[in-house]
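For reference, the structure discussed in these notes is given below.
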Amino acid sequence: MTVQSVPPEELEKFSTNHRREILFYLHQLIKDGERVSVSFNEGNDMFLTVLLAVDEDHDQLIFDWGGSEETNQKLLKSERNFFICAPHGVKNLFMTGAVQETVYQGRRAFVTQLPKRYTRLQRREFFRLVLPITRRPTCTLPAPEGQPPLQLPVIDISVGGLAMEMPDPRPPFEVGQRLPGALIEFRNGLRLVVTLEVRNVGPLERGNKVMGRIGCRFVDLPIHDEHLLQHFITEEQREERARLGL
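Using our numbering, read the sequence shown as starting at 1 and increasing by one per residue.
Right, here's the structure in full:
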């Protein structure tokens, strides 16, 4: 997706010009090491980078030097640059003015002024709420007869599906496998019984540990349950913003 492909009314609806909120999103991209596409020269050139630091005192954003010197020199001549990424399926877009070369931690890097506006396209069908460890729901999966049920923490969730974490880096599930009767229990007392379909399975790095991650979609989620889930997501976002003073 390019900035030009997004309808203006959608950009307006999902945009913010509040400095503290913009800083929060930029710091999150840095913390996660998110890969970011930089589009410039009227969309004719692009390269991948990572954000390195935010200098709040000077309102500056520092990001990594590119692998192509030719592209780097073109970027230094560009007056308008679009940054695009999609952490957890949420499209993040922002624009900056001209960039300069700098040195960050002994390495060449770019520096530019902080964006005045930041857009996050949080369409319900793909927006996923990443949950802090202390506020994660649990998902209990029925087990074959004679075995205890499997209780796993939910690490992110949307109205379309969820992802769970387990100690085994090779989760014993197959893509396409259906998991009926899964019980999701939320900290606010909400309980939902759903059918899950496994969409992806793989390892997940947690510091020095390698865990397992199981991504699933909801199968035929009733509209009433969808509304309850959306309410939970909205409340979690509101609490997080309040905690950060946004």
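Ideal placement from N, C-alpha and C gives every residue a C-beta, glycine not left out.
Sequence-distant residues of the same chain with beta carbon closer than 6 Å to Glu34, five excluded per side: Cys85 and Pro87
Residues near Thr234 in its chain [Cβ-Cβ closer than 8 Å; skip 5 each side]: none
Runs of beta strand (DSSP E) lying entirely within the region 100-150, each at least 3 residues, in chain order: 107-113, 118-121 and 138-141
Distance, Ile30 Cα to Gly97 Cα: 20 Å
Rounded separation between Leu51 and Phe83 - CA only: 10 Å
Leu23 - containing alpha helix (DSSP H), residue span: Arg19 to Asp32
Short CB-CB distance (under 8 Å) between Arg243 and chain D: Looking for chain D here will not work: only one protein chain is present.
Pro203, DSSP secondary structure in three states: strand
Distance, Val54 Cα to Leu76 Cα: 19 Å
Proximal residues to Leu228 (C-beta, below 8 Å), its chain only, five neighbours per side dropped: Leu190 and Leu192
Assigned secondary structure, Phe186 (DSSP; H/G/I helix, E/B strand, else coil): coil
Of the listed residues Val194, Val159 and Ile214, nearest to Gly176 (C-alpha basis): Ile214
Cα-Cα separation, Phe94 to Tyr118: 5 Å
Reference Asn321; option with closest CA among Arg217, Ser158, Gly207 and Leu121: Since the first residue of the chain shown is 1 and the last is 246, residue 321 is not available in this structure.
Reference Thr195; option with closest CA among Thr138, Gln100, Thr140 and Leu179: Leu179
C-alpha distance - Gly181 paired with Asn208, whole-angstrom precision: 33 Å
Inter-residue spacing [alpha-carbon to alpha-carbon] between Met152 and Arg128: In the sequence on display, residue 152 carries Leu and not Met. If you take the alpha carbons of Leu152 and Arg128, they lie about 18 Å apart.
Rounded separation between Pro142 and Arg120 - CA only: 37 Å
Under the three-state DSSP convention, the category Phe232 falls into: helix
Span of the beta strand (DSSP E), counted from its first residue to its last, around Glu69: Element bounds for Glu69: not the beta strand (DSSP E) but the alpha helix (DSSP H), Glu69 to Leu76.
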